[in-house]
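Peer 1:
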DNA sequence: GCGTTGTAGTCAATAGTGTTCACTAAATCC
DNA sequence: GGATTTAGTGAACACTATTGACTACAACGC
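Protein chains in written order, with our numbering: chain Y, 202 to 426; chain D, 202 to 426.
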């Protein structure tokens, strides 16, 4: 009779682990939004006490970093280098975009952090492999890496933030808000209002990615000769 | 004798205003880092009570938005459109970069938010004016705006975040951390480690900006004919 | 089988957070 | 100069991350 379904028994010993906790954190963020990552909610999601997680992470920040690693892991899952280095860079960029779209709250929280973890390193290596295949070496490859990687990560991260803020507040008309003030003071914005609110962000990202790849192509051909 | 220098008197009536508060917030972030934006610290910085700010802002989030507007204002201060639209876009991009560099904590906190405020609108209009001058119209201009603006804002915002995290933790070697594990597993990253840790981020941004402008140039010439 | 021991999970406490609400006093209006 | 409005105040609340003492469970030696 003691310890029925109501009063929970102490959690068994091996129940928690970094991986289990990170998955719970990810699920929590997916379902309840970006503010859900607290020790209290994490504890109840794991059916554990509020502070149980501290046995596996020394701070909230460490959880965020682990979450970033998890996003890297999910993004890269099953990735293999392509014959054409351009395809490799496209693939990697769209994997980041897809992860940001599927886990916006988590991506918005964690994607901007550098983890120094193994999956981040895998991603770095994958990009550098592609650039090597393109013919870029040394310092040239280093800078080109940053041009590509910072752009992709920053844009995907911002996309995730946009997604969560969109689901929070209503998606109002944006530029139309200013019309009452004075439509002639900002004529270009006023005229473009309709187009701006109808922007296809996926298409924007596509152009940004192709932009970099094209640039790398011309650089590679210049370096290759 | 009553109310000497120790026990502060109540603050005079018109002392606080949105502008004064935002400036205090910016100063606080500049001097004490990204965690300094609290009502308590803001209150003591203004020599006011903890909750005084609530008479001018309904929530912390609203302060952040106002801070974003202030950053827009500072960025655009004194801006005028150039003859050459390319120069306009360059100018605007580097203004954002400069603001992010000068106020990293504030930029890291606020730059990723859209404000729907007057200075944000000014920035949007300035970019669209340049694109118009380039010959881009309608939907083409809308998408191109997003390609340019999202890239610049996302990258500058991430740059600000990098600056604050650099001043927090020590600037360790980055990729070298993995060497112990296995230098051959990630050969490209291992070989590029030296170059990656020596990346000139300003140069990276320069390339990213020129990238977009070049792309817009070819699009404009295609659309113009 | 059975004590010992390390440690994963728990509980209570603390300092600090955003936010609310009743209160108070300073400007302003008549 | 009295009434009214409202900007600034102070106490309170629910919630946050984090700490440190405690406890029971699994594994180990015997």
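Beta carbons: idealized from backbone N, C-alpha and C, even for Gly.
#1: Which same chain residues, not among the five before or five after residue 257 of chain Y, have their C-beta less than 8 Å away from its C-beta?
#2: Considering only their Cβ atoms, is the gap separating residue 316 of chain Y from residue 313 of chain D smaller than 8 Å?
#3: Give the list of continuous alpha helix (DSSP H) stretches no shorter than 4 residues that lie fully inside the segment 248-300 of chain Y.
#4: Report buried or exposed for residue 211 of chain Y, applying the criterion of at least 16 other Cβ atoms within 10 angstroms of its Cβ.
#5: Between residue 326 of chain Y and chain D, is there a C-beta pair that is closer than 8 Å?
#6: In this structure, how does DSSP classify residue 231 of chain D when only helix, strand and coil are distinguished?
#7: Is it buried or exposed, residue 255 of chain D, if we count other Cβ atoms within 10 angstroms and call 16 or more buried?
#8: For residue 387 of chain D, which of helix, strand or coil comes out of DSSP?
#9: Helix, strand or coil: which one does DSSP assign to residue 215 of chain D?
#10: Determine the extent of the alpha helix (DSSP H) in which residue 411 of chain D is found, giving its start and end residues.
#11: Using the rule of at least 16 other Cβ atoms within 10 Å of the residue's Cβ for burial, across every protein chain shown, is residue 205 of chain Y buried or exposed?
#12: I want to verify the contact list: residues of chain D whose CB lies under 7 Å from the CB of residue 413 of chain Y, in sequence order.
#13: Figure out for me which residue from D:351, D:391, D:398, D:305 has the closest Cα to the Cα of residue 294 of chain D.
#14: Can you name the residues of chain D whose CB is closer than 8 Å to the CB of residue 408 of chain Y?
#15: Name, please, each residue of chain D whose Cβ falls closer than 7 Å to the Cβ of residue 216 of chain Y.
#16: Within the 8 Å Cβ cut-off, does residue 339 of chain D reach chain Y?
#17: Please determine, among Y:339, Y:311, Y:277, Y:405, the residue with the shortest C-alpha to C-alpha distance to residue 340 of chain D.
#18: Which value, in whole angstroms, describes the spacing of the CA atoms of residue 231 of chain D and residue 424 of chain D?
#19: With a threshold of 8 Å between beta carbons, is residue 422 of chain Y in contact with chain D?
#20: So, helix, strand or coil for residue 331 of chain D, using DSSP?
Peer 2: In terms of the structure at hand:
#1: Residue mapping note: residue 257 of chain Y aligns to position 56 of the first chain, counting from 1. Here the set comprises 217, 218, 219, 222.
#2: Position 112 of the second chain holds residue 313 of chain D. Position 115 of the first chain holds residue 316 of chain Y. Contact flag unset, no.
#3: 261-277
#4: The residue labelled residue 211 of chain Y in the question sits at position 10 within the first chain. Exposed: under 16 other Cβ atoms inside 10 Å.
#5: For this step, residue 326 of chain Y is matched to residue 125 along the first chain. Yes, contact with chain D.
#6: One-based indexing of the second chain puts residue 231 of chain D at position 30. DSSP places residue 231 of chain D in helix when its eight states are reduced to three.
#7: On the second chain, residue 255 of chain D is found 54 positions in, with the first residue counted as 1. Exposed.
#8: Stepping through the second chain from its first residue, residue 387 of chain D is reached at position 186. Coil, per DSSP.
#9: Position 14 of the second chain, counted from the start, is the residue given in the question as residue 215 of chain D. Three-state result, residue 215 of chain D: coil.
#10: Here residue 411 of chain D refers to the residue found at position 210 of the second chain. Segment 402-425, the alpha helix (DSSP H) holding residue 411 of chain D.
#11: Indexing the first chain from 1 puts residue 205 of chain Y at position 4. Low per-residue confidence applies at residue 205 of chain Y: pLDDT is 34, beneath 50, and the placement is therefore not dependable, though the value from the model is reported in the following sentence. Label assigned to residue 205 of chain Y: exposed.
#12: Position 212 of the first chain holds residue 413 of chain Y. By Cβ distance, chain D contributes 412.
#13: For the purposes of this step, residue 294 of chain D is taken as the residue at position 93 of the second chain. It is D:351.
#14: Locating residue 408 of chain Y in the first chain gives position 207, counting from the first residue. What residue 408 of chain Y touches in chain D: 344, 348, 416.
#15: By 1-based counting over the first chain, the position of residue 216 of chain Y is 15. Those do not exist, as residue 216 of chain Y stays about 29 Å from chain D at its closest Cβ, beyond 7 Å.
#16: Position 138 of the second chain, counting from 1, holds the residue named residue 339 of chain D. Yes - at least one Cβ of chain Y is within 8 Å of the one on residue 339 of chain D.
#17: Numbered from 1 along the second chain, position 139 holds the residue referred to as residue 340 of chain D. Nearest neighbour of residue 340 of chain D by Cα position, chosen from Y:339, Y:311, Y:277, Y:405, turns out to be Y:405.
#18: On the second chain, residue 231 of chain D is found 30 positions in, with the first residue counted as 1. On the second chain, residue 424 of chain D is found 223 positions in, with the first residue counted as 1. Those two C-alpha atoms are separated by around 44 Å.
#19: If you number the first chain from 1, residue 422 of chain Y lands on position 221. Not an interface residue.
#20: The residue labelled residue 331 of chain D in the question sits at position 130 within the second chain. In this structure, DSSP gives residue 331 of chain D a helical state, which the three-state scheme calls helix.
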